[in-house]
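First up is the structure itself, then whatever we jot down about it.
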Amino acid sequence: MADIIQLLPDHVANQIAAGEVVQRPASVVKELLENAIDAKATSVTLVIKDAGKTLVQVTDNGIGMSVTDARLSFERHATSKIKSAEDLFNLHTKGFRGEALASIAAIAHVELKTKTEDSEIGTHLTIEGSKVISQDPAVVPKGTTISVKNLFYNIPARRNFLKSNPVETRHIIDEFHRVALAHPNVAFQMLHNGSDVFNLPSSNSRQRIVNIFGSKTNEKLVPVSEETEILKIEGFVLKPEFGKKSRGEQFFFVNDRFIKSSYLHHAVASAFEGLMKNDIHPGYFLFLEVDPHSIDINIHPTKTEIKFDDEHSIYAMLRATIKHSLGQFNIAPVLDFERDKGFDTPYDYSKKQPTAPSIEVDRDFNPFKEKPKQGNINFPFKREQPASWESLYVGLKDESSAVSNLGDIEFESEEVTGSLFDTSEAETGQTTFQLQNKYIVSPLKNGMMIIHQNLAHQRILYEELLKNITVKEAVSQQLLFPLQLHFSKPDLEIIEKIREQLEHTGFIFSELKDETIEISGIPVLILESHVVNLLNQLVHDIKEEVPDTGFSQNDMLAKSMAASMAIKTGVSLNKEEREHLINQLFACKEPTVSPTNKPVFTALDVSDLDKKFM
217 MADIIQLLPD HVANQIAAGE VVQRPASVVK ELLENAIDAK ATSVTLVIKD AGKTLVQVTD
277 NGIGMSVTDA RLSFERHATS KIKSAEDLFN LHTKGFRGEA LASIAAIAHV ELKTKTEDSE
337 IGTHLTIEGS KVISQDPAVV PKGTTISVKN LFYNIPARRN FLKSNPVETR HIIDEFHRVA
397 LAHPNVAFQM LHNGSDVFNL PSSNSRQRIV NIFGSKTNEK LVPVSEETEI LKIEGFVLKP
457 EFGKKSRGEQ FFFVNDRFIK SSYLHHAVAS AFEGLMKNDI HPGYFLFLEV DPHSIDINIH
517 PTKTEIKFDD EHSIYAMLRA TIKHSLGQFN IAPVLDFERD KGFDTPYDYS KKQPTAPSIE
577 VDRDFNPFKE KPKQGNINFP FKREQPASWE SLYVGLKDES SAVSNLGDIE FESEEVTGSL
637 FDTSEAETGQ TTFQLQNKYI VSPLKNGMMI IHQNLAHQRI LYEELLKNIT VKEAVSQQLL
697 FPLQLHFSKP DLEIIEKIRE QLEHTGFIFS ELKDETIEIS GIPVLILESH VVNLLNQLVH
757 DIKEEVPDTG FSQNDMLAKS MAASMAIKTG VSLNKEEREH LINQLFACKE PTVSPTNKPV
817 FTALDVSDLD KKFM
């Protein structure tokens, strides 16, 4: 039998490895930014074009590479981070496998410019599809610049699987946030299609969070700090009132490396138990430091999953530390509602030594000392004598005579017994009723119809909003006092893009700048208190999947707003409201399904009920 096993060529092996390491442009951004951090850079600039599909460029002022290192860095399993297997459990760098640059070079056009501080001249290297095109000396500043162009140019199938530019840009910004938050001492800059997206100076952790997520984030942060033998915790959690239904502002860092851990997230959520609703997620920025020997990072190509030696202890410490911080800063409520806060002992006083109170005595005090006699006191005003009781009845005779002359005035003698509403006719019977404050049950000729009130209202609102966006503008209700809402810079850009569609639905924006939105009018269908939640949910839905411009974006906008504005489960409806909802539903073009293609109602025939009793 002939031999059938053979070694794969290097460029094929690199493309296979690229499938694990490089999944989208954001993966390239992550690897290049982490390499810049490992190179001890103090300033990093990220430039992207067309959401990274055309260009991803990272420039740093790190230590740079020699001519040999520059060429060797694109070989598989070539790295300066580790030298033996034991080093895998004592990692102090971001990368360690030596696969990233080789994988990127296999599926893109890569250009490298680098120079060390000691070298007089740098290196300019060009690679296309794992093939070195040129390597020349060049005059470049100290540090490294890597440009990745035409990603997936030789794998069309992978390029076709990429999402739209806004979605890919959001993933790139997420990776940028993770690296920038982990290293506040490094200055970061990000440019997209020539415009400045982020410009983050070197600062501390709190200032870095504020620079990324907006100035109003500062008042939301609650400091968290604890240090034990096996774990050191630093960072911040957001106050319970700023929790969101969607996940977004949840960041775990272990030894300055971003990780995802549902187990540790549960520890944070349990610390907020009783302070937030079940469907609300707390926000946090937590930095954990553990012994590198106690964790295993090498379990996933993206290095976002970590195994801990003692997960239970870390869970308990994390939960206790956050609960302690919430109590320390008076975030968690107490049961004694009549307690005077003036009697609270400050937290810092628990570490102070008690001191004896000082007693002061007035030695000149003599209770038997005679007081000087007071003379006549002159008042600045004259005291008037009270009037006599006869003065109370002066003038009554004239008034009584005036009343006696009003004999020609007619008074209404009959008592009004009527009512504003005619209640003579009693209701003959209730045609509909509500079940569990969730379903509306309406009788039919041969059975009954059960309607899901939330999904039905979503369908009604969806068609009305879609008509307002595409055909005619909706009516707005003016606010007596304009609403001022604060959003981060990326969220504000999203709202700016859909501003025209929102104005068609009834919103009136009087100002949109500097992370602040001022709203002077809102649609008549929503309450003023629901505007913040509606816009937050709308921004989250757009971040998850932004369609291209056109009808699809209007459709998604109408779906998101309808879901936020619809009657929620648990709301009680009276007879008129139930019947009005049913009439509106069957006036829709497609009353059978919700905007998300879920069934709105179901019909039960009498024969179906008869079968239950057989």
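Our numbering puts the sequence shown at residues 217 to 830. A virtual CB, placed ideally from N, CA and C, is assigned to each residue, including glycine. Because the structure is a prediction, the values reported are computed rather than measured.
Alpha carbon to alpha carbon, how far is residue i from residue j?
i	j	result
A774	Q753	12 Å
T284	E521	33 Å
D472	F503	7 Å
Y369	S780	41 Å
L454	E327	42 Å
G645	V816	Here G645 scores only 46 on pLDDT, less than 50, and its place in the model is too uncertain to base an answer on.
S788	K493	21 Å
E576	K568	24 Å
I362	I323	15 Å
F524	D771	45 Å
I510	M533	Before going further, note that residue 510 is Ser rather than Ile in the sequence given. Their Cα atoms are separated by approximately 16 Å.
S431	P439	17 Å
T385	E795	46 Å
L660	I666	10 Å
I337	L249	24 Å
R463	H340	43 Å
N415	A819	59 Å
K759	V383	7 Å
I711	F429	15 Å
A354	K365	20 Å
L262	K713	24 Å
I220	K476	41 Å
G786	E806	25 Å
V657	M664	7 Å
R374	V238	10 Å
On the CB-based measure, 16 or more other CB atoms within 10 Å of its CB, does residue i come out buried or exposed?
i	result
L735	Here residue 735 turns out to be Ile, not Leu, going by the sequence shown. Looking at its Cβ environment, which holds 16 or more other Cβ atoms inside 10 Å, I735 is buried.
F404	buried
T332	buried
E465	buried
F637	Summary for F637: the model assigns pLDDT 46, below 50, so the residue's position carries little reliability, and this model does not support an answer.
S635	Note that S635 scores a pLDDT of 48, beneath 50, so its modelled location is shaky and nothing firm can be said.
T330	buried
G543	exposed
I593	Annotation note: pLDDT 49 at I593 (below 50); position unreliable, coordinate value reported separately. Result: exposed.
A642	Confidence in A642 is poor, its pLDDT being 40 and thus under 50, which makes the residue's placement too unreliable to answer from.
V348	exposed
P739	buried
Q669	buried
I446	exposed
N582	exposed
Q674	buried
P225	exposed
A803	exposed
H720	buried
E489	exposed
T444	exposed
P498	buried
G451	buried
A396	buried
K269	buried
K246	buried
A485	buried
M830	exposed
L367	buried
Taking the alpha helix (DSSP H) that residue i belongs to, which residues open and close that run?
i	result
A487	S478 to A487
K421	Looking at the sequence shown, residue 421 is not Lys but Ser. Unbroken alpha helix (DSSP H) run through S421: S421 to F429.
V283	V283 to L288
P241	P241 to D254
A532	E527 to Q544
D472	No alpha helix (DSSP H) contains D472, which DSSP labels as neither H nor E.
Could you give the first and the last residue of the continuous beta strand (DSSP E) run that contains residue i?
i	result
F414	S411 to L416
L491	It is not in any beta strand (DSSP E) - L491 carries neither H nor E in the DSSP assignment.
P450	The question names Pro, yet the displayed sequence has Glu at residue 450. That run of the beta strand (DSSP E) goes K448 to L454.
D276	L271 to D276
Answer yes or no: the CB of residue i versus the heavy atoms of the ligand NAP, is any distance below 7 Å?
i	result
R473	Among the components modelled here there is no ligand, and therefore nothing to report on the ligand NAP.
Whole runs of the beta strand (DSSP E) within the segment 308 to 386, excluding any shorter than 3 residues: 325 to 331, 338 to 344, 347 to 354 and 359 to 365
Which runs of the alpha helix (DSSP H) at least 4 residues long sit entirely within the segment 654 to 702? Give them in chain order. Listed in chain order, they are 669 to 686.
Please confirm if the segment 395 to 415 is in contact with the segment 252 to 260, defined as three or more CB-CB distances below 8 Å between the two stretches. Touching, per the Cβ criterion.
Touching by the beta-carbon criterion (3+ pairs, under 8 Å), the segment 331 to 350 and the segment 267 to 281: yes
Evaluate contact between the segment 737 to 752 and the segment 685 to 701, counting only Cβ atoms and requiring at least three cross-stretch pairs below 8 Å. yes
Please determine if the segment 822 to 830 and the segment 671 to 681 are in contact, where contact requires at least 3 C-beta pairs separated by less than 8 Å. no
Secondary structure, beta strand (DSSP E): runs of 3+ residues fully inside the segment 707 to 764: Counting whole runs of 3 or more residues, the segment 707 to 764 contains the beta strand (DSSP E) stretches 724 to 729 and 732 to 739.
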